[in-house]
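As structure tokens, the structure follows; a few thoughts come after it.
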Amino acid sequence: MVNIIVAGILFVIATVFGTAGIVGLFIFPDAYTRLHAGSLASTTAVFTIFLACLFVVSDWHFLARIVVIMLFFVVSAPTGSHVVAQLLWCSGIIPWKQKRKESK
Numbered sequence: 002m003v004n005i006i007v008a009g010i011l012f013v014i015a016t017v018f019g020t021a022g023i024v025g026l027f028i029f030p031d032a033y034t035r036l037h038a039g040s041l042a043s044t045t046a047v048f049t050i051f052l053a054c055l056f057v058v059s060d061w062h063f064l065a066r067i068v069v070i071m072l073f074f075v076v077s078a079p080t081g082s083h084v085v086a087q088l089l090w091c092s093g094i095i096p097w098k099q100k101r102k103e104s105k
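Just so you know, we're using my numbering here: the sequence shown kicks off at 2 and counts up by one.
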């Protein structure tokens, strides 16, 4: 019973992370910050979902597979985002800078 409650809480947390990432894609001004928001939110949301699955599943074969998938995703998702950011930089897309207000 406690496992189900913990898994439910983790699923709610994953939903919050996913929603924050989607909102970040719409409100941030340039490709770099949008990429950061999407990458961070998707990595944490998927990791939290897999963590919740660990609390629900009782078969150790399935648990081992989930752990391997978690490790792969934690390594590959940020690496993929870094590659995309490098391609943006090499394409000449300049990061957004906020204009400073001049004092009078």
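Glycine included, C-beta positions come from ideal geometry on N, C-alpha and C. In this text, all values refer to a predicted model and were calculated from it rather than measured experimentally.
Task: Neighbourhood of phenylalanine 56 by C-beta, 6 Å cutoff - its chain only, sequence neighbours within 5 removed - done: Here residue 56 refers to the residue found at position 55 of the sequence shown. Non-local beta-carbon contacts of phenylalanine 56 in its own chain, meaning distances under 6 Å to residues more than five positions away in sequence, involve Asn4, Val7, Ala8 in chain order.
Task: Pair within 8 Å by beta-carbon distance, valine 58 and isoleucine 70 - done: For this step, residue 58 is matched to residue 57 along the sequence shown. For this step, residue 70 is matched to residue 69 along the sequence shown. For valine 58 and isoleucine 70, no; Cβs fall outside 8 Å.
Open item on the list: Just to confirm, is the Cβ distance from glycine 22 to alanine 32 under 8 Å?
Closed with: Along the sequence shown, read from residue 1 onward, the residue named residue 22 stands at position 21. Along the sequence shown, read from residue 1 onward, the residue named residue 32 stands at position 31. It is not a contact, given that the beta carbons lie outside the stated cut-off.
Open item on the list: My output table needs one value for glutamine 87: the three-state DSSP class, helix, strand or coil.
Closed with: One-based indexing of the sequence shown puts residue 87 at position 86. Secondary structure at glutamine 87: helix, using DSSP grouped into helix, strand and coil.
Open item on the list: Extract the residue ranges of the alpha helix (DSSP H) inside the stretch 21-84, only unbroken runs of 4 or more that lie entirely within it.
Closed with: Segments of the alpha helix (DSSP H) lying fully in the stretch 21-84: 32-57.
Open item on the list: For serine 92 and alanine 65, I'd like the C-alpha separation in whole angstroms.
Closed with: As a first step, residue 92 must be located in the sequence shown, where it is residue number 91. As a first step, residue 65 must be located in the sequence shown, where it is residue number 64. The straight-line gap separating the alpha-carbon atoms of serine 92 and alanine 65 is approximately 41 Å.
Task: Three-state secondary structure (DSSP) of glycine 19 - done: Indexing the sequence shown from 1 puts residue 19 at position 18. If DSSP states are grouped into helix, strand and coil, glycine 19 belongs with the helices.
Open item on the list: Please report the straight-line C-alpha distance between isoleucine 94 and leucine 26, rounded to a whole angstrom.
Closed with: In the sequence shown, residue 94 corresponds to position 93, counting from 1. In the sequence shown, residue 26 corresponds to position 25, counting from 1. Taken atom to atom, the span from the alpha-carbon of isoleucine 94 to that of leucine 26 is near 17 Å.
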